[in-house]
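See structure below.
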Amino acid sequence: MTGKIVRIGGASGAWGDSPMAIGQLLDAGVDVLMMDYLAEVTMSLMARARMKNPAFGFPPDAVAYLKPHLSRIAADGVKVVSNAGGVNPLGCKAALEAAIAEAGLDLTVAAVTGDDLLPMLNDLRAMGLTEAETGAPIPDSLLTANAYLGALPVRDALSAGADIVVTGRCADSALALGALMHSFGWAEDDHDLLAAGSLAGHVIECGPQATGGTFTDWDQVEGWDNIGYPIACCAADGSFTLEKPAGTGGMISVGTVSEQVLYEIGDPAAYILPDVVADFSGVTVEQIGTDSVRVSGARGRPPTPDYKVSATWQDGWRAVLSVSIVGPDAAAKAEKTARAMIARAEAGFARDGLGPFRATRIEALGAESAYGEASAARTTREVLLRLVVDHDSRDALNAFAREAGSIGISMAPGTTGIYAGRPKPTPVVRLFTLLVPKDSVAPPQVHVADAAPRDTAIAAGQPLQPVQPPDLPDTPVPDGPTARAPLRQLAWARSGDKGNRANIAIIARRPEYLPFLRREVTVDRLLAHFAQQVEGPAERFEAPGLNALNFLVGDALGGGGMASMRIDPQGKAYGQMALEMELDVPADWL
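According to full-length UniProt numbering, the sequence shown is numbered sequentially starting from 1.
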């Protein structure tokens, strides 16, 4: 890379991430702090907070974490881009401006609005829109409905002189892309560059997941207590190197970054973002030094005509009871206890004129409940019973909770305690995804300081065209003796969620392993391996630049997110579970 370099630090990977990143990255010298806070489920939590107080609706961490560093940010001229606006970007802007005024500083804050489509709910119904995957009609009442905005309003806010930009719902990677469009003057039709900038944002949007966090080879990663947060050093040609602050823990390698490139993207050749359809199938990651890699090879096509809109709605109530049980046959005792609690509660419901539970789930944590009938730990002597129950009536769940105290004296021996106290009813929040034409939505607005808001023009986009699968070399798999070995010995893996679907990336540790993995790790074999967890169907995509396969598995998460009753509602463990797959591997590879 030559010429100007823009250093973007990934300072927050999620709401609840550590506050240590900001100081670490400022000490390392960055031009931009990018802070990601939002997920689909957090939007509904923030909406409920705003209902209680109109000044709320954004993560308070965003202000609290930045406040001690505002003087340094001002002195060093660092820009901050964040989706910390949640469902109340103007409220977040006001809170930041109050903190800046209290510190006696001169920093300009901008907010981006226009993602909230709840006010046009009737219009969406009139357009005949339905759920993007299932075709279901829009629910009678929604908690939230937010379009994933793109990078253009972030660019415009920075170009208008903002030092700190807060948005509502936007594509996470768009925060970095907006900063790069502003810095390098990339045009809206520079699709390869927009894809490259989106890739930089995508790699750092989850913070330390790119620097050794959740890495397959976790035992090789030292210094989790002071893990370094990622810095994307971006060039005008779209390539970037990934680094972390000196003296911090973690690891930056081909494996750690390749895992993050494929995290939750579905088809690597058609990752649909608001500003571009990105093709990451040819992306390469090259080790250029200790804890430093070079990432390049992203390509782009024009964006689609639609915004992805994530809506949430309340579908009844849920309670979760957690009980510890110790001693022989602990798992069987837990399951019998749970069945008895369900029967006792439903007998009471019948007396009170209430219907039965709408759904229940019993998990004996410690007995490999996530593996279903494939569990190899049924003889464990210590479990945590997790009983999840759903009902249309909050009163029914309160009645269920009142029975919880009887467990320790009327049921299994070795019941030692109820964790987290009596269960409390909480809303069941489900995700509803819409595709809304961009030209039917008012343009986003940028609110800079006290100036009148300004519109950001958004192009209509083009229909998504089918992608020709990448040409793959016909590389033979070595003949000769084989030995049984787990997939882990040949591959890294990373998994996550896309609604109720699981995304599982399998990345060959060496290029010569890929033809073997392509032959052996088929859709059918993966579905058979996960027969206890998923219903399918599944698709397999190629990412030859990373020597990788990427699977998208349907009906895999029990509804996904806050709707799921499972211990792993986002498929975070599926990558690790996939690596347990046993294969007949060429013996000389082991």
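Just so it is clear, CB atoms sit at the ideal spot from N, CA and C, and this is done for glycine as well.
N-terminal and C-terminal residue of the alpha helix (DSSP H) that residue i is part of
i    : result
H529 : 523 to 529
S258 : 254 to 261
I409 : 407 to 410
F400 : 394 to 402
L579 : Segment: none, L579 is in no alpha helix (DSSP H) and carries neither H nor E.
Q24  : 20 to 28
A376 : First-last for A376: undefined, no H or E at that position.
A162 : Element bounds for A162: n/a, residue is neither H nor E.
L70  : 70 to 76
Start-to-end residues for the beta strand (DSSP E) that takes in residue i
i    : result
C170 : Careful: C170 lies outside any beta strand (DSSP E) and carries neither H nor E.
D115 : Per DSSP, D115 belongs to no beta strand (DSSP E) and is neither H nor E.
Q287 : 284 to 289
E363 : 359 to 365
K79  : 79 to 82
P437 : 426 to 437
P515 : First-last for P515: 514 to 520, but that is the alpha helix (DSSP H), not the beta strand (DSSP E).
I567 : First-last for I567: undefined, no H or E at that position.
E539 : 538 to 543
A235 : 231 to 235
I227 : No beta strand (DSSP E) contains I227, which DSSP labels as neither H nor E.
Residue environment, residue i, which counts as buried when at least 16 other CB atoms sit within 10 Å
i    : result
T290 : exposed
S406 : exposed
Y148 : buried
S141 : exposed
P274 : buried
P481 : exposed
M565 : buried
N547 : buried
M181 : buried
P268 : buried
E363 : buried
T248 : buried
R169 : buried
A174 : buried
Of the residues the options, the one placed nearest residue i, counting alpha carbons only
i    : options               : result
D584 : E520, V534, F541      : E520
A420 : T256, L177, V323, A94 : V323
M341 : A412, R301, D279, K93 : A412
M562 : P153, V261, T42       : T42
F530 : G366, E582, D27       : E582
N83  : A74, R72, E97, V63    : V63
K333 : R378, Q465, C206      : R378
A157 : L143, V112, L180      : V112
D31  : V80, K308, A311       : V80
S244 : G238, V254, P230      : Note that residue 244 is Lys in the sequence shown, not Ser. If we check each option's Cα against that of K244, P230 comes out closest.
D76  : L105, A98, A94, F58   : L105
L579 : I288, T216, A374      : T216
L118 : V436, A330, M577      : V436
L90  : A187, D395, R50       : R50
A319 : R351, H391, L365      : H391
G212 : A200, I227, S198      : I227
T426 : V6, I8, S44, I22      : S44
P443 : A449, K4, L152, R7    : L152
A538 : A505, L124, L527      : L527
Simplified DSSP state of residue i, which is helix, strand or coil
i           : result
M34         : strand
E243        : strand
E58         : One detail in the question is off: residue 58 reads as Phe in this sequence, not Glu. The answer is coil: DSSP assigns F58 none of H, G, I, E or B.
C92         : helix
K498        : strand
R344        : helix
V63         : helix
V467        : coil
V221        : coil
E188        : coil
residue 669 : No statement about residue 669 is possible, as the shown extent of the chain runs from 1 to 590 and does not include it.
L549        : strand
P153        : helix
F349        : helix
A298        : coil
S141        : coil
Y371        : helix
W15         : coil
residue 600 : Given that the chain is displayed from residue 1 to residue 590, the structure contains no residue 600 and the question cannot be resolved.
R48         : helix
L193        : helix
Q314        : strand
I265        : coil
N503        : strand
*3-residue-minimum beta strand (DSSP E) runs that sit fully inside the region 441 to 487, ordered along the chain*: Taking only runs of at least 3 residues, the beta strand (DSSP E) segments lying wholly in the region 441 to 487 are 445 to 448, 482 to 486.
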